[in-house]
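Heads up: the sequence shown runs through residues 8 to 623, numbered per my numbering.
The C-beta atom is built at its ideal place from N, Cα and C for all residues, glycine as well.
Presented below is the structure to which this report refers.
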Amino acid sequence: MKKLYLFLLTFTLGFVSLNAQVLYSDNFDSYANNAKVAQTIGSTWWTTWSNAPGGAEDGIISNAQSVSPSNSIYIAGSNDQIFKCGGKTTGRYELSWQMLVPASHIGYFNLLHSFAGANSEWAFQAYIYNDSIYVDAGAATAAGTSFTRGTWHSVKMIVDVDDDYATCFIDGNELISYQWSKGSFGTGTLHKLDAINFYAWDGTGSPTPNTGGSTKGYYVDDLLYEQVNAPTAPTNLTATINGADIDVTWTAPNPAPNNYKLMRNGIVILNTTNNSYTDLGPWPNTYNYIVRAGYGTSGYSQASNTASVTIAGGVTRNKVLFEGGTGTWCQYCPGAAMGLRDLIEVNHKEAVAIEYHSGDAYENVDAQQRLGYYAIEAFPTMVVDGKLRVEGGNATQSLYTAYLPLYNERYPIPALQNLNINIVNTGVDTYQATITVEETYPFLTNGLKLHTALTESNIAVTWYNQTEVDFVLRKMFPDAAGTDLDFSQNTTQTFTFNFSTTGFVKDNCEFVAFVQHDATQEVTQVAKVDMSTISGIEELSGNKISLFPNPTSDYVILNSNGNGYLTITDITGKTVYSAFVNQTSQFFNISSLSKGIYMVQYTSNQKTFTQKLIIQ
C-alpha cells in the first residue's frame, strides 16, 4: 500500500455516517529495509526531535515485524521520531496506528500541542512496560490498561481541537477522555495539534516501578491520519436545583449514542446510558454542566450547551491539604518530596503538607493510623483534601506537574467553615493552641472532626538524591482520631491543645489544623501557623505580651499592659500602621494592608516588644 494524501473517504461506522478526509496513510511497505524514516519518506510529514533526518534520531524501516506485510517502523537506540500533524488549531482529527513492544522491551509515544524541540509542549504521553500502558492525559498517570508485549495492539487518538476534547482508544476500548488543552499534566492551555513523537524511552520516570525488562525498542505500522466530522451532540441540557440536589437532563441526539459523558466544572463525573442525572447534595459553589454523546470508536460528539446553577453558601478555602505516605527507604519517594517543595516553597501555592513516614526513623503511631485511615500501602501515595489520590513517584523528577492539577481542582471549591488558630508560648518549648471552628453552611450535619498536627521540615538526612526531609508529622493532638465537632447547639466551637517542640527545631515547625468529614474523608477547611512567627513570652512591667492571630488577613488582637504605642512596619522599614494602646486586649483593623511580612513593635514604659506578622 502506498501513501495516500488528501483523499476524500466516506464510510459508515455503526449508526454514524462520518465524512473523513485522509491526510496521510502509510504501511511503510514500499521502502527499503533499514532505510531511515524521515530521510526516506521526506520532511513534509516526518522529521526528528532535532530536525536532523538521516541522523541517529531517525528511526528505520524494518522487515522484522509488520501487520500489513512486510514493513514497519522500528524505534530504538537514540531514535526520536516526529510525525508532523501540521499545527492544527481548528477541526477534528483521528490518528491511528498499530504498535508492537517486544517481550522485555519498553515503549513510549506522545502527542504535542507544539513541536519546538526542547521547548515543545506536551498534550499526551504514554509509557508501555510490564505488559501495561500508562498515560498522562490532563493529569499524571491519569489512566492505564493492559498492553501485552510481543503482540500487536491498535492505538487510536481522536482530537477535537474545536471542542477541546480528546479520547484515547487501545484495541478499540476507550482508555481515557479529557480536556485536550490541559495537556499531559493538566497545566496546558494550547488548543492545537502539532505532532506525534515516537521516542526510544530509556525507562526513567516510570509512573510505577519497572520490573519487567527495560530494553528500548518497538514497532509502529499502518499509520493513518484523518480529518473527520463530529457525531451529533445532545441538546437542551438543563440543571435545576431540587432541594439539596441538582437535577440534570438533556435531549438525546439522533442517531442514538452508545453512552454519555457528563462533566461538571471541567471534570467528568458520570458515564451513563441515560439522559438524566441527579447530582446529590453538591457543596456550595457554582456548577457548570456539559454533556457529550459517545459513539464507540468514532469518539464523542462535541459538547452540548452549558447549564449553570449556583448553590449558595460557603467561604473561601484557606489551604489545600496534601497528605503523603512516604519513607526514606523508598526510591521513588524523592519525586514526591520535590513535588511538595515545588508546590509550596517554590511556587507558593496555598497548600499545606503532612508527610506520614513508615519504616524509617520518622515513623510514629499517629502517622501509622493516618496511613491506615487512607489504606495507603503503595509508596509514595499523595491524598489531596482527602478526596483526590495519586499513587506512584519518581526517583529523580519532581511530581509538581502531577500535584498542581489536583491543587487547581480543589482550591476554588468553597469551604464550609471558618478555621482560626492562635498559638501562645506558655513556657520553655511549650505552647497552647486555641482553635476556633465556625460553621458557615450546615451542609454536613454529623461526622465532622477537627484534626491538628505538628510537622517539622529542613531535617538534615541523606536519602537517595535528597539531603533533607520536610513536612514530617511529629504529633497529632489529641491523637490521629481527632476531635468530634457538633454544631447542633452552637455554630462556633473552640478547643485548646497544649504541645511541646522539645526535640525539634521550633522555627522549622508548622502547626496544622483541618476539618474532615469522616465518612467521605473529604477535608472541608485547613489552616496552619508557621511556628517561626510565634515569639516566646515577653514581660513588660510584669505583663505578658501576645499578638494573635498570626498569620492573619484583616485584624490582630494585642494582649498587653494596655498602656503604650503600637507601630507596624513593612520589610523596607516604612511605618504603615500606628495606634495608641489603651486596653489590655485591643483589636486593630489592618484590612487595608497588603499581603506580606511585617514587623509589629509595641512600646511601653521605655520597653519594647517586637514580633513578625504575616498578612495573607
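- As for any beta strand (DSSP E) of minimum length 3 sitting wholly inside the segment 161-213, the runs are 172-177, 180-185, 200-206, ordered along the chain.
- Annotation: the segment 465-508 contains the following complete segments of the beta strand (DSSP E) (minimum length 3 residues), in chain order: 466-470, 473-476, 479-484, 499-507.
- Nearest C-alpha to F205 among T97, K535, M106: M106.
- The segment 292-365 is shown to contain whole alpha helix (DSSP H) runs of 4 or more residues at 340-348, in chain order.
- Put simply, the segment 529-541 touches the segment 514-521. At least three CB pairs are less than 8 Å apart.
- Taking a cut-off of 8 Å for Cβ pairs, the segment 33-40 and the segment 64-77 touch, as three or more such pairs fall below it.
- Per DSSP, E529 lies in no alpha helix (DSSP H) and is assigned neither H nor E.
- The beta-carbon distance between G331 and Y407, rounded to whole angstroms, is 14 Å. This is too long to meet the 8 Å contact definition.
- Separation of T459 and A440 (C-alpha to C-alpha, rounded to the nearest whole angstrom) is 10 Å.
- In terms of CA proximity to I578, I621 leads the group A259, Y562, I621, N568.
- In the DSSP assignment, Q424 falls within the unbroken beta strand (DSSP E) covering 424-434.
- For Y418, the secondary structure class from DSSP, reduced to helix, strand or coil, is coil.
- From the listed residues K199, Y284, Y115, T313, the smallest Cα separation to L244 is found for T313.
- A direct Cα-Cα distance of roughly 32 Å separates K189 from G603.
- Here L378 carries a helix assignment [DSSP, helix/strand/coil].
- In its chain, beyond the 5 residues on either side, G569 have a beta carbon closer than 8 Å to the beta carbon of Q590.
- Under DSSP, E517 takes part in a beta bridge, and its partners are T462, D537.
- Judged by DSSP in its simplified three-state form, L395 adopts strand.
- The C-alpha of D367 is placed about 52 Å away from the C-alpha of A45.
- Relative to the Cα of Q338, the nearest Cα in the group P216, K326, E446 belongs to P216.
- Taking 8 Å as the cut-off, the Cβ atoms of A130 and S191 count as close.
- In terms of CA proximity to I140, F176 leads the group A123, P264, F176, H120.
- In the structure shown, Q590 falls within a coil segment according to DSSP collapsed to helix, strand and coil.
- In this chain, the beta strand (DSSP E) harbouring A130 covers 128-136.
- For V44, there is no enclosing beta strand (DSSP E); the enclosing alpha helix (DSSP H) covers residues 44-48.
- Of the residues assessed, P449 falls on the exposed side of the cut-off, its CB having fewer than 16 other CB atoms within 10 angstroms.
- Contact annotation: V162 and W187 have beta-carbon atoms that are not nearer than 8 Å.
- Scanning S121, A173, L200, W208 for the CA closest to the CA of A237 turns up A173.
- Between N86 and I68, the gap from beta carbon to beta carbon reaches 8 Å or more.
- Following the DSSP letters along the chain, one finds Q105 inside the beta strand (DSSP E) bounded by residues 99-107.
- Here the alpha carbon of K326 sits roughly 24 Å from the alpha carbon of F511.
- Between the segment 114-122 and the segment 198-213, the count of Cβ pairs shorter than 8 Å is three or higher; the stretches touch.
- Shown here for S153: same chain residues with a beta carbon closer than 7 Å to its own, the five before and five after excluded, namely D138, S139 in chain order.
- Per DSSP, the unbroken beta strand (DSSP E) holding K268 starts and ends at 266-271.
- Taking all protein chains in view, the Cβ of N78 is crowded by 16 or more other Cβ atoms within 10 Å, so the residue is classified as buried.
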